[in-house]
Amino acid sequence: MSDITRLTAAELAQKLQAGDITSEQATQAHLDRIAAVDPTINAFVTVTAEDALATARDVDERRARGEQLHPLAGVPIAIKDVVVTDGVQTTAGSKMLEGWIPPYDATLVEKIKEARLPILGKTNMDEFAMGSSTEHSAYGNTLNPWDIERIPGGSGGGSAAALAAFEAPLAIGTDTGGSIRQPGAVTGTVGVKPTYGSVSRYGLIAMASSLDQAGPVTRTVLDAALLHELIGGHDPKDSTSLPQPATGYVKAAQEGALGDLTGVRVGIVKELTGEGYQPGVQARFDESVALLRDAGATVVEVSCPSFTTALAAYYLIMPAEASSNLAKFDGMRFGLRVEPTDGPLTAERVMAATRGQGFGDEVKRRIIIGTYALSSGYYDAYYGSAQKVRTLIQRDFTAAFEQADVLVSPTSPTTAFKFGEKLDDPLAMYLNDIATIPANLAGVPGMSLPNGVSDDGMPVGFQILAPISEDARMYRIGAALESALEKQWGEPLINRVPELEAQA
Amino acid sequence: MSVSSPDLVAYDEAVTQYDPVIGIEVHVELGTKTKMFCSAEVEFGGEANTQVTPVSLGLPGALPVVNGKAVESAIKIGLALHCTIADSCRFARKNYFYPDVPKNFQTSQYDEPIAYDGYLDVELDDGEIFRVEIERAHMEEDAGKNTHVGGSTGRIHGAEYSLVDYNRAGIPLVEIVTKPIEGAGERAPEVARAYVQTLRDIFRALDVSEARMERGNVRADVNLSLRPTPESPLGTRTETKNVNSFRSIERAVRYEVERQAAILNAGKTVTQETRHWHEDTGITTAGREKSDAEDYRYFPEPDLVPVEPSREWVEELRASLPEMPAVKRRRLREEWGYSDIEMRDVVNAGALELIENTVAGGVSPAAARKWWMGELARFAKENDRELASVPVSPAQIAELQRLIDEKKINDKIGRQVLEGVLAGEGDPAEIVSARGLEIVSDDGPLLAAIDQVLADQPDIVEKVRSGNMGPVGAIIGAVMKATRGQADAGRVRELIIERIG
């Protein structure tokens, strides 16, 4: 049954419900796959095999007793290590939290546990979700299953790679500037950043509170919809959580898969195409737009002029919030504590030594930028201006959504680059998120789905953006494009991932 | 860091030379059931770090949610201080590193307070009303508490290690900031004290806090600066932190006037800094220097949505405000039949509420005043403490007076019983029975005592028989002595006359 790991979550759920396989078999198959390929891929920081199998057996027993279970009950899942899990080490990819065992669950983890999905483990990521390549993890690089010399995207490279390497059928990611969508694009998987506030942030180790959003990482649009409905909805523990329930995504995905987009207006964002986009990326994008047109959609070009300043605004707001959110990592209460070996042992010196050793370069870089941007005398020039830009971006979205039901663009300007290529050039790294960042600044939902491979043989992602709380619309269009593409390819793109050599 | 005795200018002289301007920041801990941003329970005196949640510990991933009850209390305070209540206000982060701040930022209100632009009329000792302008009242959370272990002073210097208790971290606070209080002149210390006292009374009347100074429920920071004349620009100010009794507020202001006057007279300049108040020595010492470099990097708290109290709610709260203490005071004065001066003394002694509660226990206003302003005020003074903190409750005084009214004990015994209560021996009735102080109402033992006295002093008996009633008092005294004061003097008199007659 080695092909259990090739099943989508929806297929797996169906087989579990039909009694064709047990959750224990499904979970064990994925654990075996992890054991075989993760020494190479390094998608996981922590594997929780025993807990996963215990949940799986519990689900099997309940199912045998005829108990009514959640549709995804028994389908294994991996969770990005920035999401707090009770009793299981949560590191956020940082040395700072190595060995930290949280005493509570994030709300989305509570929901996953209530629905009884076996949790396979915690996935690797750029430290505190800062990066676009998973090279900034304190636990080593995660490799891209399409080409292990290349990055799997970031910060959620672990979750995306786990999906692309068939180590898990479902995963949770978080997206502050594109950390779900960009890894999805460069690994040939589906990643969804829901509307800001539609999935609780309670228990997400915050990078930038006003931008962070958890969401599904999957191999199909339908799987993403299933997982989104499970983790979404209002949470009284998160003050920014929206009141509405997370429903209608699965239905929208199923309708979309029928392929009829008559009456749908698709807007191409002028500022997010063309120059600066790798030719292969641009070509796949154009082909996908043609498929949407074939499905009955009207295609228009829209302009969002302020998007050209989104990157600059993002790289002020994000580090400003991060500098404050990361202040709690000081060696006083939890995690790493470094005591200076010389001189007096004051609280201040312990804090400085801990932060000096515990944080990596990228995190320090952003803390310094953020601290500077918030300093009195500079606040208005930097943070204040960035907030004004944010308002302009929101207005651009509003105007664009008057002309189009959804906006589309390539997810990332390039395919996965090679390790180390941009490590010494942070600005080049930041440019990778240019198409994904506007959605975070405005709070609108965004999806990336695989729409082919570029000339270099690496996968390319197609981004769909919808208005706030119109996530269902995104699922409908995404599923329609997915079904048109698969018809063209004759199989899901993910099947073209080269076979990984299992390690002994 | 030794504290040398600095030069001072006598207060009376200082205030002829300089015009003091004060500014007061009062923090009040709200008496909510749970903390400002989480469901951790708030109770005084719990074991360290037991009243915490991931939120109040600042654990990674935890998020705040605003306590609606705390917002309600803040609005009530704002309304009582005649403030404008904001339609929309926000929390901000005040970033600084300190071990008792779990997140290394305090969630506070910065440029958008919930209430602003108000005033409070303060009644001074002589009945004069002084208006204090209020800049703002805003919500924030308290920090935890550090305990420094191993040093001799209990301060961080010389300590071997420090313990942090986060039970207090996240308790809701309202901070009330005055505009510069000008025109108080030599009465600045009194104004400062009376202002905080009036605020405390309002907090209690609103039922938003127990407002117990000794528990740190109410803490005042007092800013003070001197200038040559009321027309001169404001001088450099110092901020004396965490003054925690009414008397200390008055003393701290006086001391800073005396100290700053000495500095200015010596031709030097006052350093802008925070200062610590020392209750024992009655002086302030320099703390942190407040340079311009201090930068809290305030920015709007992204984890919280704005607080937007509806107009309807605010008006509902306004309509439900209780009688304010000043109004109530006028009413009670009339009801109780106290004179202006009696009432002012009662208020200044902090006895109003105590008397009110004693009267509520069935005691006449006159008797209640007699106890609190007499015996108990004396006890408080001798022991250098606030009247409200003497170890006796209004209920106990009411019980004591009832025993007297019912003639179970007399006034003199009553004072002995009160001493017992103050010594922690229990409630008055318990003490009376434990010490066997009940008035001897049974005539038997009284007659035996009278007969003994009469037998001892036949000459007195003769005098009385011959119509001279004067010596009866001496017999009564002797009988009282014989019964250790537990006899009803009236009854003794009747019995003596009966016996001799």
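Protein chains in written order, with this note's numbering: chain A, 1 to 504; chain B, 1 to 501. Backbone N, C-alpha and C fix where the C-beta goes; we use that ideal spot for every residue, glycine too.
Cross-strand partners of residue i (DSSP beta bridge)
i: K268 (chain B); result: Beta-bridge pairing links K268 (chain B) to no other residue.
i: C89 (chain B); result: B:V307
i: D121 (chain B); result: B:R131
i: V338 (chain A); result: Partner(s): none; V338 (chain A) has no beta bridge.
i: W371 (chain B); result: According to DSSP, which records beta bridges pairwise, W371 (chain B) is partnered with nothing at all.
i: M207 (chain A); result: DSSP output for M207 (chain A) lists no bridge partner at all.
Any C-beta of chain B under 8 Å from that of residue i
i: T371 (chain A); result: yes
i: M332 (chain A); result: yes
i: A314 (chain A); result: Contrary to the premise, residue 314 (chain A) reads as Tyr rather than Ala in this sequence. No - not a single Cβ of chain B is within 8 Å of the one on Y314 (chain A).
i: M351 (chain A); result: yes
i: A253 (chain A); result: no
i: P340 (chain A); result: no
i: S324 (chain A); result: yes
i: I112 (chain A); result: no
i: I205 (chain A); result: yes
i: P438 (chain A); result: no
i: P279 (chain A); result: no
Residue i burial status per 10 Å Cβ neighbour count (16 or more: buried)
i: Q17 (chain A); result: exposed
i: A26 (chain A); result: buried
i: M458 (chain A); result: buried
i: K381 (chain B); result: exposed
i: T32 (chain B); result: buried
i: V300 (chain A); result: exposed
i: P189 (chain B); result: buried
i: K94 (chain B); result: buried
i: L345 (chain A); result: exposed
i: A460 (chain A); result: Here residue 460 (chain A) is Val; the residue named in the question, Ala, does not match the sequence. V460 (chain A) should be labelled buried.
i: Q452 (chain B); result: exposed
i: L234 (chain B); result: exposed
CB-CB length for residue i against residue j, believed under 8 Å
i: V417 (chain B); j: V432 (chain B); result: 6 Å
i: D142 (chain B); j: A48 (chain B); result: Wrong, their Cβ atoms sit about 15 Å apart, outside the cutoff.
i: T240 (chain B); j: S225 (chain B); result: In fact, because the Cβ distance is near 12 Å, the residues do not count as touching under 8 Å.
i: A137 (chain B); j: I202 (chain B); result: Not confirmed; about 11 Å, so no contact.
i: G177 (chain A); j: Y314 (chain A); result: 6 Å
i: S88 (chain B); j: E308 (chain B); result: 5 Å
i: I205 (chain A); j: P60 (chain B); result: 4 Å
i: W372 (chain B); j: L387 (chain B); result: 7 Å
i: S469 (chain A); j: T195 (chain A); result: 5 Å
i: L143 (chain A); j: A160 (chain A); result: Not really, about 11 Å apart at Cβ, beyond 8 Å.
Cutoff 8 Å: residue i Cβ touching any chain A Cβ
i: M1 (chain B); result: Confidence at M1 (chain B) is low in this model, with a pLDDT of 35, below 50, so its placement is unreliable and the value that follows should be read with caution. For M1 (chain B), the answer is no, since every Cβ of chain A falls outside 8 Å of its Cβ.
i: L163 (chain B); result: no
i: K103 (chain B); result: yes
i: V149 (chain B); result: no
i: R93 (chain B); result: yes
i: V66 (chain B); result: yes
Cross-chain neighbours of residue i in chain B, by beta carbon under 7 Å
i: T411 (chain A); result: Result: empty, since nearest Cβ-Cβ is about 26 Å, beyond 7 Å.
i: R201 (chain A); result: L63
i: A9 (chain A); result: Within chain B, no residue comes near A9 (chain A); the closest Cβ sits about 25 Å away, beyond 7 Å.
i: Y383 (chain A); result: F299
i: S209 (chain A); result: P302, D303
Proximal residues of chain A, C-beta to C-beta of residue i below 7 Å
i: L304 (chain B); result: S239
i: P99 (chain B); result: M332, A347
Where residue i meets chain B, residues with beta-carbon distance less than 8 Å
i: A320 (chain A); result: F299
Amino acids of chain B, ordered along the chain, whose beta-carbon sits closer than 9 Å to that of residue i
i: M130 (chain A); result: In chain order: nothing, as chain B lies at least about 15 Å away.
i: Y104 (chain A); result: T53, P54, L59, G61, A62
i: P236 (chain A); result: V65
Interface residues of chain A facing residue i [CB-CB closer than 8 Å]
i: D295 (chain B); result: S375, S376
i: G58 (chain B); result: K328, R333
Point to revise | Residues of the stretch 68 to 101 of chain A with Cβ closer than 9 Å to any Cβ of chain C, in chain order | key: Any reference to chain C falls outside this structure, whose protein chains are A and B.
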